[in-house]
Amino acid sequence: MDFVGRCFLVLSLLLVAGANIFVPKGKRVLARMPDSTYSHGNVTEKKETTFLITFDSGDQIEYSYEDKTAVLYDTTPAWVSLGDHVLAMSMMAKGIEQQYLVGFVSGDFCQGRDKDRYEITLDESHNVKNYTLDELRKLPFFSSISQVGARVFARGNDNFYHRGFVKGTSYHGNTLYIHVQLNQSGSISHQASDERAIILDVIPLYSHVHATQRVIGYYPGYSSYLPGMLVRRNAGCWKSAYHVRFDMGGQREQDFNEIRIIPPPVKFLFFP
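Here the sequence shown stands for residues -19 to -1, 1 to 253, where the numbers follow mature numbering (1 follows the signal peptide of the UniProt record, and there is no 0).
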């Protein structure tokens, strides 16, 4: 990549990065642990580019202000919608030290009930549980795989896609790399120019999904998402919304929240 191209890429990253998070000293927050769960803590020190969280357990972790999903205020959202990225209170942690797990809103059961209740599909083992609104927190918004803290899937050596978050970027010579911390432990790095190596963990709109698209999807028994091809889009746009044929040979009806689109390869036209 030449100098002009590198400058353009850096400018693009700055534009998508948006404003840094604001965390006043002493503020009580939910902060991300190395395994992508969230626990309570307080902002105990602020530096020029980082801040320190001291957890209720006494452990301490330092975060960058650029990290979009490092911390969030511990407040009940006014509402959540289908497809929202949320944190859900761990059922095991109730009454003890509360822990929150990352997941998606996959169902809405509020009609006819005194309290709003939602179905949440958790990242952890694809477990599906029901929660009331006061047991949920909204995950901060992110829009690019270049944003520190963005939730993503990263392609591993097994060609499967593993969940994690972007922990940073760096240059090696003129090549920009994106570094992903995996939920299961360990990390993966890919060149930013490899557009199919890291996929943003955002549910695609039903209208953006079409037959023959390359996708990754959930398959029972696997902790990672598997690559495959979308065979058809079904009539129902929520449950069993898509039929996917996986590269490993299996086929499955997928709910709306169980696939992500693999970006198509970029092709350039050259004219004489």
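Cβ atoms here follow ideal geometry from the backbone N, Cα and C, with glycine treated the same way.
Remember, predicted model here, so these are calculated numbers, not experimental data.
For residue i, which of helix, strand or coil comes out of DSSP?
i           : result
residue 125 : coil
residue 105 : helix
residue 189 : helix
residue 157 : strand
residue 163 : strand
residue 176 : coil
residue 207 : strand
residue 100 : strand
residue 89  : strand
residue 120 : coil
Can you give the beta carbon distance from residue i to residue j, rounded, assuming they're within the 8 Å contact cut?
i           : j           : result
residue 236 : residue 87  : 7 Å
residue 185 : residue 197 : About 11 Å; that fails the 8 Å criterion.
residue 134 : residue 241 : 6 Å
residue 44  : residue 32  : 6 Å
residue 160 : residue 149 : 5 Å
residue 46  : residue 56  : That pair is no contact at about 20 Å.
CA-CA distance, residue i and residue j?
i           : j           : result
residue 192 : residue 223 : 9 Å
residue 130 : residue 28  : 19 Å
residue 4   : residue 145 : 23 Å
residue 199 : residue 106 : 10 Å
residue 21  : residue 118 : 13 Å
residue 101 : residue 84  : 6 Å
residue 66  : residue 123 : 10 Å
residue 41  : residue 49  : 19 Å
residue 187 : residue 38  : 42 Å
residue 203 : residue 104 : 12 Å
residue 170 : residue 141 : 14 Å
residue 231 : residue 96  : 40 Å
residue 60  : residue 109 : 19 Å
residue -11 : residue 54  : Residue confidence is low: residue -11 scores 39 on pLDDT, short of 50, so the model does not pin down where it sits. Its coordinate-derived value is still stated next. So the alpha carbons of these two residues sit roughly 32 Å apart.
residue 125 : residue 7   : 30 Å
residue 116 : residue 68  : 8 Å
residue 25  : residue 11  : 13 Å
residue 17  : residue 79  : 14 Å
residue 62  : residue 154 : 43 Å
residue 179 : residue 114 : 31 Å
residue 111 : residue 64  : 15 Å
residue 211 : residue 139 : 21 Å
For residue i, count the other beta carbons within 10 Å of its own beta carbon; 16 or more makes it buried, fewer makes it exposed. Which is it?
i           : result
residue 81  : buried
residue 128 : buried
residue 70  : buried
residue 164 : buried
residue 239 : buried
residue 205 : buried
residue 99  : buried
residue 189 : exposed
residue 152 : exposed
residue 216 : exposed
residue 132 : buried
residue 9   : exposed
residue 172 : exposed
residue 136 : buried
residue 13  : buried
Cβ-heavy atom distance between residue i and the ligand NAD below 7 Å?
i          : result
residue 44 : The model depicted lacks the ligand NAD and carries no ligand whatsoever.
Which runs of the alpha helix (DSSP H), 4 residues or longer, sit entirely within the stretch 13 to 72? Taking only runs of at least 4 residues, no alpha helix (DSSP H) segment lies wholly in the stretch 13 to 72.
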